[in-house]
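With the UniProt record's numbering, letter number 321 in the sequence shown gets 321, and the count goes up by one each step, no holes. Idealized CB from N, CA, C, for every residue including glycine. Structure first, then comments.
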Amino acid sequence: MPSSASTTSSEGAGGAHSDNTSDSSVDGTPDIMDRPSVKPIAASTPTGLSMAPPLAERLSGLFAENTMAKITRTAVEALVDNDPPTRYPEYVPVTGPGAGQYALREADFWTCGFFPGSIYLLLERFNKFPQVVAPHLSPALRRRVQTTLETTAQSWDGPIRSMAGRTDTHDMAFIVMLSQRACFEQYHAPAARAAVVQAAYALHGRFHATVGAIRSWDRLDQDGVLVDSLADDFLVIVDSMVNLDLLYHVAALVGDDTLAAAATAHANTVLGSILRDEASTTPSDDGRPMYSTFHVANFSPATGAVKELRTAQGYARDSTWARGQAWGILGFARTFLRTGQPQFARAAAGLANYFLHRLATSPACVEVEVGDHGRKRGRLVPLWDFDAPVDPHAVADTGPLRDSSAGVIAANGMLVLSQALRARGQTQEADRFLQAALAIVEDTLALSLAPETAEFVEEEEEKAESAAWAVVKDTHAGQSFAAILKHATANANARDHHRYWNHGLVYADYYLLEFGNQLLRMGLA
Numbered sequence: 001m002p003s004s005a006s007t008t009s010s011e012g013a014g015g016a017h018s019d020n021t022s023d024s025s026v027d028g029t030p031d032i033m034d035r036p037s038v039k040p041i042a043a044s045t046p047t048g049l050s051m052a053p054p055l056a057e058r059l060s061g062l063f064a065e066n067t068m069a070k071i072t073r074t075a076v077e078a079l080v081d082n083d084p085p086t087r088y089p090e091y092v093p094v095t096g097p098g099a100g101q102y103a104l105r106e107a108d109f110w111t112c113g114f115f116p117g118s119i120y121l122l123l124e125r126f127n128k129f130p131q132v133v134a135p136h137l138s139p140a141l142r143r144r145v146q147t148t149l150e151t152t153a154q155s156w157d158g159p160i161r162s163m164a165g166r167t168d169t170h171d172m173a174f175i176v177m178l179s180q181r182a183c184f185e186q187y188h189a190p191a192a193r194a195a196v197v198q199a200a201y202a203l204h205g206r207f208h209a210t211v212g213a214i215r216s217w218d219r220l221d222q223d224g225v226l227v228d229s230l231a232d233d234f235l236v237i238v239d240s241m242v243n244l245d246l247l248y249h250v251a252a253l254v255g256d257d258t259l260a261a262a263a264t265a266h267a268n269t270v271l272g273s274i275l276r277d278e279a280s281t282t283p284s285d286d287g288r289p290m291y292s293t294f295h296v297a298n299f300s301p302a303t304g305a306v307k308e309l310r311t312a313q314g315y316a317r318d319s320t321w322a323r324g325q326a327w328g329i330l331g332f333a334r335t336f337l338r339t340g341q342p343q344f345a346r347a348a349a350g351l352a353n354y355f356l357h358r359l360a361t362s363p364a365c366v367e368v369e370v371g372d373h374g375r376k377r378g379r380l381v382p383l384w385d386f387d388a389p390v391d392p393h394a395v396a397d398t399g400p401l402r403d404s405s406a407g408v409i410a411a412n413g414m415l416v417l418s419q420a421l422r423a424r425g426q427t428q429e430a431d432r433f434l435q436a437a438l439a440i441v442e443d444t445l446a447l448s449l450a451p452e453t454a455e456f457v458e459e460e461e462e463k464a465e466s467a468a469w470a471v472v473k474d475t476h477a478g479q480s481f482a483a484i485l486k487h488a489t490a491n492a493n494a495r496d497h498h499r500y501w502n503h504g505l506v507y508a509d510y511y512l513l514e515f516g517n518q519l520l521r522m523g524l525a
């Protein structure tokens with residue numbers, strides 16, 4: 001969520017109704033599972049599903065040595081001449097200067113929290129799920145990897161904690177919560193807890209009672225567009241839904257219901273303004289909800305009315321920007337999990353249904369042959385914007401321009417929604433969203449997992465005990481790519497001052513790792 005962006009100015013309104021949720025209201029996920037490129041889930045699990053082959057085998061890329069090795073190497077190398085860090089990993093270009101290596105972004109950019117968050121996701125595996133942590137490695141090397149991650153995490157933590165009081169951004173969950181909540185829960189660091197609490201109150205300070213929302217951006221600045229009046233404009237973006245979990249978490253932690261009330265008010269405002277009802281554009285006979293989303297709403301601070309709706313990172317005002325849709329799925333699913341309010345379940349399900357519908361109806365060129373067996377993959381790795389013009393040859397070997405980050409974010413949202421629905425006895429919908437989430441991640445790993453893998457170096461035992469850091473090497477010498485996934489698109493909006501696409505992206509990797517950890521927490525892997 002960059003601090004500024006925009007596109008063509010337009011007036012308009014859209015809204016989703018806050019209906020009660022029943023089995024039928026959230027049911028009806030499109031049958032993308034029937035497509036030949038995706039296997040249905042099938043081995044016994046705590047949810048009662050039958051799964052064969054095992055998920056750990058089907059989704060092996062989630063837990064492979066490669067994923068741990070890449071994060072560990074970046075944790076060390078990105079601190080060279082940058083400790084304490086003033087720059088954090090953001091994206092990995094495929095071509096040009098710096099190809100294959102992380103481009104670092106200023107520490108106050110909204111993405112700074114994802115890399116330290118990724119370190120803590122790996123540490124969670126060491127601390128809670130050691131059975132998945134590269135069991136073939138020697139005990140000495142495993143200890144050294146864990147020590148490397150724990151030690152470098154302390155360096156990456158410092159600037160994050162120092163930003164906990166920021167009031168110039170709504171991205172406090174991304175910046176602070178991803179790493180510091182995990183740090184407190186795993187290592188009981190008082191400074192980490194304090195940072196999370198401070199960040200929540202800083203975010204709450206941007207709440208406006210008349211609008212009933214938290215201000216997302218203070219300004220929009222793109223080619224031909226400048227919106228920067230705090231008195232006349234109040235910008236809210238769909239991405240904001242994912243930051244609300246910080247307010248709910250701290251409300252429960254310290255017993256302050258005002259934080260949760262602001263989060264719920266914001267969610268209702270987004271639901272009533274940014275969501276678009278797509279049921280009439282996607283005819284079906286089961287009455288399932290279908291919602292797309294605008295990216296940006298501009299409200300009047302004086303009246304709370306919507307002044308205009310637009311995009312900032314999508315193709316056009318009325319298009320469906322894939323990552324915006326994914327943020328909506330994840331944000332509304334978490335809000336439903338926190339509140340139990342049915343309108344948020346319906347919103348999350350409607351956004352997920354429409355996301356799956358657009359995957360299923362994307363042009364045939366999204367499916368490409370992968371590997372030596374000629375099997376087609378890519379149906380479930382979304383286009384960067386579902387309504388943007390499609391160039392079948394935009395990316396060598398993998399077809400049109402996509403955004404793998406949108407897919408894994410959406411999959412996380414469907415996984416959360418599945419858990420929340422199952423807890424309320426809505427098992428049919430829960431199973432369908434779980435199936436879809438797993439299928440998206442499986443297809444993403446098949447198409448977008450970078451073939452340039454990395455691995456740890458086993459050293460002689462006496463050397464291993466004295467080595468400062470775990471040593472990582474490329475599996476194939478000279479073939480290096482720092483990110484786990486490829487095919488992400490940060491911003492391809494034509495008006496933006498900084499456009500970049502077809503790369504690795506720090507939050508694509510974060511949400512891939514988070515998906516794996518969620519499966520572990522659920523007992524599914």
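Since I believe residue j is in contact with residue i (beta carbons under 8 Å), could you give me their beta-carbon distance rounded to a whole number of angstroms?
{"i": "R520", "j": "L485", "result": "The residue you asked about is not Arg; residue 520 is Leu in the sequence shown. No, L520 and L485 are not in contact; Cβ-Cβ is about 19 Å, not under 8 Å."}
{"i": "L330", "j": "V197", "result": "About 23 Å; that fails the 8 Å criterion."}
{"i": "E452", "j": "V471", "result": "18 Å between Cβ atoms; not a contact."}
{"i": "L380", "j": "L359", "result": "5 Å"}
{"i": "A267", "j": "T335", "result": "5 Å"}
{"i": "S404", "j": "T444", "result": "6 Å"}
Can you tell me whether residue i is helix, strand or coil according to DSSP?
{"i": "H373", "result": "coil"}
{"i": "Y315", "result": "coil"}
{"i": "A213", "result": "strand"}
{"i": "I237", "result": "strand"}
{"i": "F386", "result": "coil"}
{"i": "A42", "result": "With a pLDDT of only 38 at A42, under 50, the local geometry of the prediction cannot be trusted, and the value read off the model is given with reservation. In this structure, A42 counts as coil in the three-state DSSP scheme."}
{"i": "G28", "result": "With a pLDDT of only 41 at G28, under 50, the local geometry of the prediction cannot be trusted, and no value is derived from it."}
{"i": "H208", "result": "strand"}
{"i": "S22", "result": "Caution applies to S22, whose pLDDT of 37 falls short of 50 and renders its modelled position unreliable; the model cannot decide the point."}
{"i": "S179", "result": "helix"}
{"i": "S292", "result": "strand"}
{"i": "R276", "result": "strand"}
{"i": "E65", "result": "helix"}
{"i": "G399", "result": "strand"}
{"i": "L79", "result": "coil"}
{"i": "V381", "result": "coil"}
{"i": "L351", "result": "helix"}
Do you know offhand how far residue i's Cα is from residue j's?
{"i": "S25", "j": "R346", "result": "At S25 the pLDDT is 43, less than 50, meaning the model places this residue with poor confidence and gives no usable figure here."}
{"i": "H503", "j": "A56", "result": "26 Å"}
{"i": "W217", "j": "Q343", "result": "26 Å"}
{"i": "S300", "j": "L271", "result": "17 Å"}
{"i": "S240", "j": "H170", "result": "7 Å"}
{"i": "H264", "j": "R215", "result": "Looking at the sequence provided, one finds Thr at residue 264 rather than His. Roughly 14 Å separates the two Cα atoms."}
{"i": "V395", "j": "A446", "result": "16 Å"}
{"i": "A213", "j": "T147", "result": "42 Å"}
{"i": "L123", "j": "A352", "result": "30 Å"}
{"i": "H498", "j": "R219", "result": "16 Å"}
{"i": "V368", "j": "R375", "result": "8 Å"}
{"i": "A251", "j": "P382", "result": "35 Å"}
{"i": "E308", "j": "R206", "result": "20 Å"}
{"i": "A439", "j": "Q186", "result": "30 Å"}
{"i": "A42", "j": "Q426", "result": "Its pLDDT being 38, under 50, A42 is placed unreliably in this model, and the coordinates cannot settle the point."}
{"i": "A312", "j": "D496", "result": "8 Å"}
{"i": "K70", "j": "A454", "result": "6 Å"}
{"i": "F63", "j": "Y507", "result": "17 Å"}
{"i": "S179", "j": "A195", "result": "10 Å"}
Note the first and the last residue of the continuous beta strand (DSSP E) segment covering residue i.
{"i": "P89", "result": "87 to 93"}
{"i": "W501", "result": "500 to 505"}
{"i": "Q222", "result": "220 to 222"}
{"i": "N493", "result": "Element bounds for N493: n/a, residue is neither H nor E."}
Would you mind sorting residue i into buried or exposed? The rule is 16 or more other CB atoms within 10 Å of its CB.
{"i": "A52", "result": "Because the pLDDT at A52 is just 43, under 50, the model does not fix this residue reliably, and the point stays unresolved."}
{"i": "P389", "result": "exposed"}
{"i": "R276", "result": "buried"}
{"i": "T95", "result": "exposed"}
{"i": "A188", "result": "The sequence shown places His at residue 188, rather than the Ala named in the question. With fewer than 16 other Cβ atoms within 10 Å, it is exposed."}
{"i": "D83", "result": "exposed"}
{"i": "K473", "result": "exposed"}
{"i": "D98", "result": "Position check: residue 98 holds Gly in this sequence, whereas Asp was assumed. The residue is exposed, with fewer than 16 neighbouring Cβ atoms inside 10 Å."}
{"i": "T303", "result": "exposed"}
{"i": "A468", "result": "exposed"}
{"i": "V236", "result": "buried"}
{"i": "T21", "result": "A caution first: T21 carries a pLDDT of 37, below 50, which makes its placement in the model unreliable, though a value can still be read off. Its Cβ being crowded by 16 or more others within 10 Å, T21 is buried."}
{"i": "L244", "result": "buried"}
{"i": "H393", "result": "exposed"}
Under DSSP, the alpha helix (DSSP H) around residue i begins and ends at which residues?
{"i": "F126", "result": "114 to 128"}
Determine, using beta carbons only, whether residue i comes closer than 8 Å to chain C.
{"i": "R58", "result": "Any reference to chain C falls outside this structure, which holds one protein chain only."}
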